[in-house]
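Colleague: In the UniProt record's numbering, the protein residues as written are 142 to 424. Here a beta-carbon is modelled for each residue, glycine too, at the ideal position from N, C-alpha and C.
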Amino acid sequence: NAPLGLHLRAVALNATHVAIEAADVTDAHRLARVRRDFVANVSHELKTPIGALQLLAEALLDATESAAGMEPEDEKLEDLVAARRFAERIHHESARMGRLVNELLELTRLQGAEPLPTPEPVSVDWVIAEVIDRTRTTASAKSIEVSYAGPKGAMVYGSDSQVATAVTNLVENAIAYSGEDTKVSLTLRQDEDWVEIDVADQGIGIAAHDVDRIFERFYRADQARSRSTGGTGLGLAIVKHIATNHGGRVDVTSTLGDGSTFTLRLPARPPEAPLPLPAAIEI
Ligand code: ADP
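1) Does the beta carbon of Ala-223 come closer than 8 Å to any beta carbon on chain C?
2) Can you have a look at Ala-204 and say buried or exposed, based on whether 16 or more other CB atoms are within 10 angstroms of its CB?
3) Quick one: Cα of Glu-244 to Cα of Glu-212, how far?
4) Does Asn-142 pass the burial test, meaning 16 or more other C-beta atoms within 10 Å, or should it be called exposed?
5) If you drop the 5 nearest sequence neighbours on each side, which residues of the same chain put their C-beta closer than 6 Å to that of Gly-371?
6) Keeping to the same chain, check which residues put their C-beta closer than 7 Å to that of Ser-284; ignore five residues upstream and five downstream.
7) Under a three-way DSSP split, which group does Gln-195 fall into?
8) With DSSP as the reference, identify every bridge partner of Lys-403, one or two as the case may be.
9) With DSSP collapsed to three states, give me the class of Pro-260.
10) Just verifying my parser: in three-state terms, what is the DSSP assignment at Leu-327?
11) Just how far apart, CA to CA, sit Ile-422 and Ile-379?
12) Please determine if the segment 345–358 and the segment 325–334 are in contact, where contact requires at least 3 C-beta pairs separated by less than 8 Å.
13) Whole-angstrom Cβ separation of Thr-373 and Leu-241, contact assumed at under 8 Å?
14) Straight-line CA distance for residue 92 to Ala-280?
15) If distances are taken between C-alpha atoms only, which option among Gly-192, Val-268, Leu-246 and Asp-332 comes closest to Ile-231?
16) Can you check whether the CB of Leu-405 is closer than 8 Å to the CB of Gly-389?
17) Check the DSSP bridge columns for Pro-408 and list the partner residues they point to.
18) Going by alpha carbons, who is nearest to Pro-412 out of Gly-299, Asp-266, Leu-397 and His-382?
19) Where do the ends of the alpha helix (DSSP H) carrying Gly-346 lie?
20) Could you check where the alpha helix (DSSP H) with Gly-376 kicks off and where it finishes?
21) Taking only the alpha-carbon atoms, compute the straight-line gap between Thr-306 and Gly-398 and give it to the nearest angstrom.
22) In whole angstroms, give me the CA-to-CA distance for Asp-178 and Leu-172.
23) Take the Cβ of Asn-386 as the centre, count every other Cβ of all protein chains shown within 10 Å, and call the residue buried at 16 or more, exposed below.
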């Protein structure tokens with residue numbers, strides 16, 4: 142039973158509050174876009190010099206081929222062997238920079254303000270077969286067996302290349318963070334509403350305090366261990382974006398030292414409305 146004047150004032154205050162909030166959201170969006178564009182432009186500009194570095198490093202590797210795996214015996218050879226080692230390092234680091242820039246570009250694209258392409262039916266069998274094929278060489282280098290079990294014919298709706306990128310990132314991680322002679326198992330479950338793809342490994346696992354953070358961009362659980370895989374810390378951020386943009390999600394359960402299971406959950410039905418704008422997550 143507040144006096145009328147007071148009541149009106151309260152409404153007015155609320156209105157101002159709403160207006161301020163709206164301004165904040167617009168500003169936040171504008172800022173997010175500026176930041177995204179900046180990262181995209183810088184990444185794009187870096188592509189050319191990094192490509193040049195990679196070519197130069199390859200030329201240096203060719204030129205120092207005779208010193209491959211050699212131990213220096215006299216002083217002259219010592220220089221050649223050192224040059225070979227530097228060339229190998231430059232090659233390795235420039236390849237890593239190249240991956241980083243590509244993944245940053247991918248992430249900014251996923252965060253882009255344009256609506257997603259019209260959702261197309263995506264055959265999950267086909268995507269999984271492709272991914273297993275593509276990761277075969279890396280898996281067999283560590284004698285890791287990648288298997289798949291699940292019903293045939295599952296469909297999700299969105300972009301087949303994005304779903305393939307998400308599954309590839311999960312399988313590549315499963316291989317990278319596992320020891321030799323282990324197994325990576327992909328399993329598919331389906332009900333009326335959801336298609337779930339599990340990617341389970343018998344690898345190093347993830348500590349409980351890291352589990353909540355590994356989907357953040359650039360977060361890597363054990364710096365030293367992660368670094369030796371040549372990863373960028375962006376792979377899971379990309380998976381999370383793809384999952385969200387498709388109206389789904391990605392989760393993980395893991396035991397340190399025992400292995401991890403990542404679950405990608407995507408809607409089994411076409412969206413009734415167009416897919417939402419990509420979530421504006423800052424980069
Ligand atoms: P990275 O390029 O480092 O692999 P990701 O974003 O793909 O970046 O993963 C983030 C971090 O999560 C990794 O650095 C690693 O510490 C952890 N991680 C991801 N997948 C696995 C896995 N299958 N097993 C153990 N740790 C994992």
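Modeller: According to the data block:
1) This model lacks chain C altogether; it includes just one protein chain.
2) The sequence position of residue 204 within the sequence shown is 63, counting from 1. Exposed, because fewer than 16 other Cβ atoms sit within 10 Å of the Cβ of Ala-204.
3) The sequence position of residue 244 within the sequence shown is 103, counting from 1. The sequence position of residue 212 within the sequence shown is 71, counting from 1. Answer to the nearest angstrom: the Cα atoms are 37 Å apart.
4) For the purposes of this step, residue 142 is taken as the residue at position 1 of the sequence shown. Low confidence applies here, because Asn-142 scores a pLDDT of 47, under 50, leaving its location unreliable; read the following figure in that light. Per the 10 Å Cβ criterion, exposed.
5) As a first step, residue 371 is located in the sequence shown; it is residue number 230 there, counting from the start. The residues are Arg-237.
6) Numbered from its first residue, the sequence shown carries residue 284 at position 143. Excluding residues within five positions, the ones whose Cβ falls inside 7 Å are Glu-321 and Asp-322.
7) Locating residue 195 in the sequence shown gives position 54, counting from the first residue. In the structure shown, Gln-195 sits in a helix (DSSP, three-state: H, G or I).
8) Position 262 of the sequence shown, counted from the first residue, corresponds to residue 403. It should be noted that the sequence gives Phe, not Lys, for residue 403. Paired residues: Val-340 and Val-393.
9) Numbered from 1 along the sequence shown, position 119 holds the residue referred to as residue 260. Residue state, collapsed to three classes: coil.
10) Position 186 of the sequence shown, counted from the first residue, corresponds to residue 327. Of the three classes helix, strand and coil, the one that applies to Leu-327 here is strand, per DSSP.
11) As a first step, residue 422 must be located in the sequence shown, where it is residue number 281. As a first step, residue 379 must be located in the sequence shown, where it is residue number 238. Residue placement at Ile-422 is poorly supported in this model, since its pLDDT is 49, which falls under 50; the coordinates still yield a value, given next. Between Ile-422 and Ile-379, the C-alpha separation is close to 11 Å.
12) no
13) Taking the sequence shown and counting its residues from 1, one reaches residue 373 at position 232. Taking the sequence shown and counting its residues from 1, one reaches residue 241 at position 100. Right, their Cβ atoms sit about 5 Å apart.
14) Absent from the structure is residue 92, since the part of the chain shown begins at 142 and ends at 424.
15) On the sequence shown, residue 231 is found 90 positions in, with the first residue counted as 1. The candidate whose alpha carbon is nearest that of Ile-231 is Gly-192.
16) Walking along the sequence shown from the start, residue 389 turns up at place 248. Walking along the sequence shown from the start, residue 405 turns up at place 264. For Gly-389 and Leu-405, yes; Cβs fall inside 8 Å.
17) Translated into positions along the sequence shown, residue 408 becomes position 267. Answer by DSSP bridge pairing, in chain order: Trp-335.
18) As a first step, residue 412 must be located in the sequence shown, where it is residue number 271. Ranking Gly-299, Asp-266, Leu-397 and His-382 by Cα distance to Pro-412 puts Gly-299 first.
19) Within the sequence shown, residue 346 is the residue found at index 205, counting from 1. No alpha helix (DSSP H) contains Gly-346, which DSSP labels as neither H nor E.
20) Residue mapping note: residue 376 aligns to position 235 of the sequence shown, counting from 1. Here the alpha helix (DSSP H) through Gly-376 covers 376–386.
21) The residue labelled residue 306 in the question sits at position 165 within the sequence shown. The residue labelled residue 398 in the question sits at position 257 within the sequence shown. If I take the Cα positions, the gap works out to 27 Å.
22) Numbered from its first residue, the sequence shown carries residue 178 at position 37. Numbered from its first residue, the sequence shown carries residue 172 at position 31. In a straight line, the C-alpha of Asp-178 is about 10 Å away from that of Leu-172.
23) For the purposes of this step, residue 386 is identified with residue 245 of the sequence shown, where counting begins at 1. Flag for Asn-386 reads buried.
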